[in-house]
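In my numbering, the protein residues as written are 330 to 637.
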């Protein structure tokens with residue numbers, strides 16, 4: 330059986346006749362050519378597939394149409410699916426604070442411009458994300474910078490988030506230095522709520538506490554900045570966080586900036602693209618970074634950042 334002949338028959342059966350089928354076929358073909366090829370199909374099968382005038386499928390034609398219809402009617406569907414799988418893709422890694430609190434606003438314009446865009450999101454720390462970039466497992470990373478990146482990666486500073494202490498609105502503590510002054514034998518007794526010790530925010534905080542010669546044992550280790558805010562709002566201790574808009578607006582929590590602590594610096598990392606590279610992915614990364622710069626500018630205007 331000639332598959333092209335079968336496709337012609339499918340269109341004839343679908344549209345109820347040869348002349349109608351010719352008007353609707355997705356390619357140009359004359360009616361006599363269709364008639365002769367359908368006749369050849371009938372001869373190959375040894376059966377009559379339809380009555381010509383008036384048009385009506387024979388039992389054999391009904392059976393063949395029922396067999397052919399699912400395949401040919403699904404061709405446009407599978408083409409769309411395959412195009413979807415070949416749709417532009419962007420693989421992004423980010424620090425927890427960037428992934429949760431900033432990336433949604435950054436990627437939204439890209440998704441609006443091209444709804445086909447597929448995103449893959451991963452969270453991690455700087456060494457992991459650098460390795461993923463070099464191994465081509467991701468296309469771009471938003472990193473809480475702690476160490477100088479490898480020379481094969483391009484680094485762009487985006488914004489800095491101040492490290493802050495969170496206290497309940499009713500807390501008598503007004504400034505961080507009040508806590509340092511109240512530390513008995515260099516140890517602060519108030520419960521401390523913070524992220525795991527490997528997180529950049531915690532590392533910055535503990536490094537500066539050692540600089541001050543003050544010990545502050547962790548009472549509650551939380552998995553996210555949002556959880557820290559919730560626990561502080563519940564009166565369970567003092568939290569270590571960064572200056573985020575939603576924290577500043579929280580009705581039960583007050584932020585105390587740690588002005589002599591270095592900020593959490595968020596940068597974008599991507600591979601250095603050679604002359605023989607680039608293309609669609611590099612253009613997508615460029616568009617993503619354009620949106621990241623706009624987002625950083627908006628945050629700076631709202632005075633939640635220390636600047637670029």
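C-beta: ideal position from N, C-alpha, C; glycine also.
{"Asked": "Could you pull out every residue in the same chain whose Cβ sits closer than 6 Å to the Cβ of residue 423, ignoring the five residues on either side in sequence?", "Found": "432 and 471"}
{"Asked": "Given a threshold of 16 other Cβ atoms within 10 Å of its Cβ, counted over all protein chains shown, does residue 595 qualify as buried or as exposed?", "Found": "buried"}
{"Asked": "Evaluate residue 440 with the Cβ neighbour count: other Cβ atoms within 10 Å of its Cβ, from every protein chain shown; 16 or more gives buried, anything less gives exposed.", "Found": "exposed"}
{"Asked": "Output yes or no for whether 9 Å exceeds the beta carbon distance between residue 553 and residue 495.", "Found": "no"}
{"Asked": "Who are the near neighbours of residue 336 in its chain, counting only those whose CB is closer than 7 Å to its CB and skipping five residues on each side?", "Found": "401"}
{"Asked": "In this structure, how does DSSP classify residue 425 when only helix, strand and coil are distinguished?", "Found": "helix"}
{"Asked": "Just to confirm, are residue 598 and residue 533 a CB contact at a threshold of 9 Å?", "Found": "no"}
{"Asked": "When burial is assigned at 16 or more other CB atoms within 10 Å of the CB, is residue 528 buried or exposed?", "Found": "buried"}
{"Asked": "Tell me the residue span of the alpha helix (DSSP H) that contains residue 552.", "Found": "Premise fails: residue 552 is in no alpha helix (DSSP H) and is neither H nor E."}
{"Asked": "In the DSSP assignment, what residue or residues form a beta bridge with residue 279?", "Found": "This structure leaves residue 279 out entirely; the chain is present only between 330 and 637."}
{"Asked": "What residues in its chain sit with their C-beta under 8 Å from that of residue 479, if we drop five residues either side in the sequence?", "Found": "459 and 463"}
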